[in-house]
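Below is one structure; the comments refer to it alone.
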Amino acid sequence: MSGSSRDPRFPHDPDLEFLRDRELLELANLLHTRRLPEAPIDPAFRSSLRRDLRRRHYEMLEPSTPWWRRLTSGPGLAWSGATAGAIAIAVALVFAVRPVTPSSRTLVSSPLDHMRGVAVIQPMKLSFQTAMDHQSVESSLQIQPATQVTYSWRGNTLYVQPVAGQLAPNTQYRLTLTTDARTQDEQPIQQPATITFVTGATTSPTPAPSITPVPAPGVALANPTQLAPAGSVAPVWSADGATLYFAGADGSLESMPRAGGTPTPLGIPGVRQVALAPDGIRIAVLTTTGVYLLQADGTGVQPFPAPEALAVGWRQGKPYAALPAGVFEVKQNLDRGHPATAFAVAADAAAFAPDGASVLVDSEGQVHLVELGGGHDTAWPAGAVTLPAWSQDGRRVAFLGADGLALAAPDGSGATPLASLEQLGAAGATGLVAGWSDGAVLVAGPAALDGVDTTLRVPVQLAPGAFTAVSGSPDGAAIAYVQDGALWTASLLHPGVQPQLESQAGAALKTFMDARLAGDAGSANKFLGGAAAQKYTKDSLLFNGHPGLARWFSVFQQARPDGSVVELVRLVLWDEHHVDVRQLDETLTLRPNADGTFAVVDVQRTPTRAVDAGPEVVAIQVSSTQVTVTFDSDLKPESAAGITLGSAMGTYANRVVTFSLSGEQPGQLLTLTVPNRSVLDLSGRSAAQALTVQIEVPASS
Amino acid sequence: MQDPSGRSEERDLVERAKRDPNAFGELYDRHFQQIYRFVYSRVGEQSAAEDVTSEVFMKALRGIGRYQDTGRPFQAWLYQISVNAIADRYRAAKPVEDIDEQRALASDTDVEAAATRRDELRRIWALVEGLPAPQRTAMVLKFQEDLKIEDIAVAMGKSPGAVKLLVHRAVTKLRDQARRDGIRAEFSL
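Spelled out as structure tokens, the structure:
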């Protein structure tokens, strides 16, 4: 049909040109203009069908026997449950009843459906519009996660109470009434109905959003033990912390167990510095006459004369010595060869980084950082009165400046004050020997041993006396020091530091996670540093689209001896209908910046897994006396025996496994292990995710 | 659906829906209304329409893994399932009579009743109900659901040419019946 023949009152449909006849086209156009009335649609049918499709789809994707089919009923108890809500938004779920008449329906409602942040301590009620057969409803009601419950009826209202006394925190509950439920007159419901809601946190505190200063001492000594007479040289710990290498009273090298005993003379006189190789077998010793290499048991002694040597260290398994002209590999004719790295100016003092990759050099009061690889020399912007002391991880240094004790990056940048000269008292006035341990800088002075926690930054006198050397153990739990001509060890405690660190890190974590929740990549990225900056992509940071990031919560948090804070965070993803569908765990490492703020420096994440895939750990809480592990599901008690802390088994009751810490040493690291195969919920499903967490035994108050 | 970017987006969604329940849910949200309306227009009763619509989407879910894009909108496939489901339902319920015969009988009554109300357009649609099943399905899909001929062909499992023939015959028959029933004056322009 040509355009000229069209009637302007009707839209042209080229799809109908095959009709050709004008009269037929007019009739067709007339048919287009007439619409039948809209079909009556029951919104409950529409949403119910959608839920059924989604559930069926998940079953198709993850073929397994539905957990609830494995549920069994116990006498007086049922393996299902629900909760009651405080917010009175009743969402009606309509069940079609196999008809007395096709339109007959049974209505059940719960104020909790689609609610989030539901309080964990409350009963749950399901209200039916018609009288129901109690036994069939109770036996057909399924709950995820598996929860042991009791039932009570008041008229047509069913109250469901978890046997544990309360619901699990931060958990999505899904209640399904299957078609086995019947009305009192024996009519089965035609379609299952589902109620979904999410609980809020428990009574455990959410990290404080603001930082409250805590007047805590930060550092304290415990159990000081005198070991042996010693000279004024910093003791060195073996890698396992079991052995100490030190200068004896006559200045010669000795070793002895950290636990005490008789020192072993190693036969090297005039010791000024000791450096243990990374392999723990070889030792480089700086003496008044040069450098010695020997085995840790005292055998294989090799002397390398070089009386002008300033320091020794190890780099990539090779021994090096710093001399005024540069850094030399320790070998024959040490002081007459060519330096591996030459200094631009003659050095007066030097200190190797823990990994030997660089060396701090003091030349006429000016500090330089010299890289051993290419000899790159960075002069410090500010003068240091003393040669800076390396932290154990080599990331920071402590030095005494004109205003007092300060921290800085190894190249001198980012210097921040730690304590004033007045606060340091005698140690600050007379010069100091600084050592690092466990996130603290230790200042050994002629009248006292002081300590400053690098987070709290409050100087504390640890002990009075004349101190000439101090060093921290590899695990950060102890120090060795020389006091009044003797070698001592003591435990180093951080009262008040852990809560403060955790509070500050928790506040940073909340800001970081809330930015992710809000889709604010810019704000979230500000918290990223180190490896974490590389490990996050935009997708893994924000989870845009569907499923999207719905909520998060902290499962576990603990400060570590190095000042970092470990956070185990669960991220829950929801679909476009705001139903939680997937989840994953992120283990974040937060570390304080030089200005005291926290950055996320590393992240390890699990793959995403389905919500409702099996029992999940939702909280790990640590006190000075016990560790509790809370699950979202009731477990088969015997299967909880597979959960261990160190080598110990806990006791299980009401979704919680409890471990006693009595007898454990403060500072000791214990491994919490939750296997995913042997831990079973009441329905026999295994844990959704294996979990391994390092937990440090806290210091008792 | 003619928008290329829209087709591309739909193709992506369908592909995701094969393994993502949420994507399938989005397809469901997009097409539920029209499929339900179509089914209801065919079965004429709410509970039956709900049953058939459930069956349609359940079949779609089971079959989406095998679904292959042929360049036609996804809805054409859903209509195809719907047409078959409606036919199956009435075949199962009434092995001899099919829905079209039932509806045709009802339509005759409706036409007579409608004639008395002088609702000529409604009478024409009532005449549609009296058409043979394939013609009626093609007419409903074309004029109620606004599907393209090619999409109707997918839905009905026929060639586009066969659908055109069905529509042509149906419209011709309607014209003849309208003339016979005196409705011609109402729509003749």
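For the record, the sequence lines run as chains A and B. So in the working numbering, the last spot in the first sequence is 701, and the numbers never skip. So in the working numbering, the last spot in the second sequence is 1189, and the numbers never skip. Each residue gets a CB set at the ideal place from its N, CA and C atoms; glycine is no exception. These numbers come from a predicted model, not from an experiment.
Exercise. Within 10 angstroms of the Cβ of Ile1149/B, are there 16 or more other Cβ atoms? Answer buried if so, exposed if not.
Key: buried
Q) Which runs of the beta strand (DSSP E) spanning at least 3 residues fall entirely within the stretch 398-483 of chain A, listed in chain order? A) 404-408, 416-420, 433-437, 440-444, 448-453, 459-464, 467-472, 478-483
inquiry  = Please identify, using Cβ separations under 8 Å, the residues of the stretch 576-609 of chain A that lie next to chain B, in order along the chain.
reply    = Glu576, His577, Val581
Inset, instruction - Grab the span of the beta strand (DSSP E) containing Leu1165/B for me, first residue to last. - result: Where Leu1165/B is concerned, there is no enclosing beta strand (DSSP E), although the alpha helix (DSSP H) it sits in stretches over 1160-1181.
Output, in chain order, the set of chain B residues within a Cβ distance shorter than 7 Å of Pro547/A. Asn1022
Residue range of the alpha helix (DSSP H) that Glu371/A falls in? No alpha helix (DSSP H) holds Glu371/A; the beta strand (DSSP E) holding it covers 366-371.
So who's on the other strand from Leu528/A, going by DSSP bridges? Val600/A
Kindly say whether Ile211/A, judged by its beta-carbon, lies nearer than 7 Å to any beta-carbon of chain B. Note that Ile211/A scores a pLDDT of 32, beneath 50, so its modelled location is shaky and nothing firm can be said.
According to DSSP, simplified to helix, strand and coil, what is Val389/A? Here residue 389/A is Ala; the residue named in the question, Val, does not match the sequence. Correct three-state label for Ala389/A: strand.
Would you check if the stretch 126-138 of chain A and the stretch 508-524 of chain A touch, i.e. whether three or more CB-CB distances between them fall below 8 Å?
no
- Query: Can Val312/A and Ala351/A be called in contact, C-beta distance under 7 Å?
  - Reply: no
**Asked** Can you find a C-beta in chain B that's less than 7 Å from the C-beta of Pro40/A?
**Response** yes
_Supposed contact pair Leu672/A and Leu720/A - C-beta distance, whole angstroms, cut 8 Å_ = Because chain A in this structure spans residues 1 to 701, residue 720/A falls outside the shown range and cannot be described.
Rounded separation between Asn544/A and Ile479/A - CA only: 49 Å
Practice task
Output yes or no for whether 7 Å exceeds the beta carbon distance between Phe598/A and Ala463/A.
Solution key: no
Closer than 7 Å to chain B by CB, Leu53/A:
yes
- alpha helix (DSSP H) containing Asp1151/B: first to last residue? 1149-1156
**Study point:** Option nearest Ala242/A by Cα separation, candidates Glu371/A, Ala402/A, Ala477/A, Thr455/A
**Key:** Ala477/A
Integer Cβ distance of Ile189/A from Ser110/A, believed to fall under 8 Å: Actually they do not touch by this definition, with Cβ atoms about 15 Å apart.
For Glu1171/B, decide whether its Cβ has a neighbour in chain A, counting only Cβ atoms nearer than 7 Å. Before going further, note that residue 1171/B is Val rather than Glu in the sequence given. Yes, contact with chain A.
- [ ] Below 8 Å CB to CB, which residues in the same chain sit around Gly1065/B once its five sequence neighbours on both sides are set aside?
- [x] Lys1018
Review point. Grouping DSSP H, G and I as helix and E and B as strand, with all else coil, what is Gln665/A?
Key: coil
task: Anything in chain D within Cβ reach of Asp15/A, meaning under 7 Å, just list it in chain order.
output: The structure shown contains no chain D; the protein chains it does contain are A and B.
(Q) Does the CB of Ser1082/B have a neighbour CB from chain A at under 7 Å? (A) no
Identify each residue in the stretch 1011-1036 of chain B for which the Cβ-Cβ distance to at least one residue of chain A is less than 9 Å, and report them in chain order.
Ala1017, Arg1019, Asp1020, Pro1021, Asn1022, Ala1023, Phe1024, Gly1025, Glu1026, Tyr1028, Asp1029, Phe1032, Gln1033, Tyr1036
*asked:* What would DSSP say about Tyr1079/B, mapped onto helix, strand or coil?
replied: helix
> Is Val1039/B helix, strand or coil by DSSP?
Replying inline: helix
(message) Please identify the residue among Val656/A, Ala415/A, Thr176/A whose C-alpha is closest to the C-alpha of Pro192/A.
(response) Thr176/A
Self-check item: For Pro257/A, the residue or residues it bridges with in DSSP
Solution: Thr243/A
By Cβ distance below 7 Å, which residues in the same chain neighbour Lys318/A in space, the five residues on each side in sequence not counted?
Glu329
query: Around the Cβ of His731/A, are there at least 16 other Cβ atoms within 10 angstroms (buried) or fewer (exposed)?
result: This structure cannot settle anything about residue 731/A, because the visible part of chain A is limited to 1 through 701.
Beta-carbon proximity of Pro229/A to Ala486/A, cut-off 7 Å:
yes
* Does the beta-carbon distance from Ala505/A to Val603/A come in below 7 Å? -> no
* Flag this pair as yes or no: are the beta carbons of Pro698/A and Ser624/A separated by less than 7 Å? => yes
| field | Terminal residues of the beta strand (DSSP E) in which Thr692/A lies | value | 691-696
I'd like the ranges of any alpha helix (DSSP H) spanning at least 4 consecutive residues and lying wholly in the stretch 248-321 of chain A.
none
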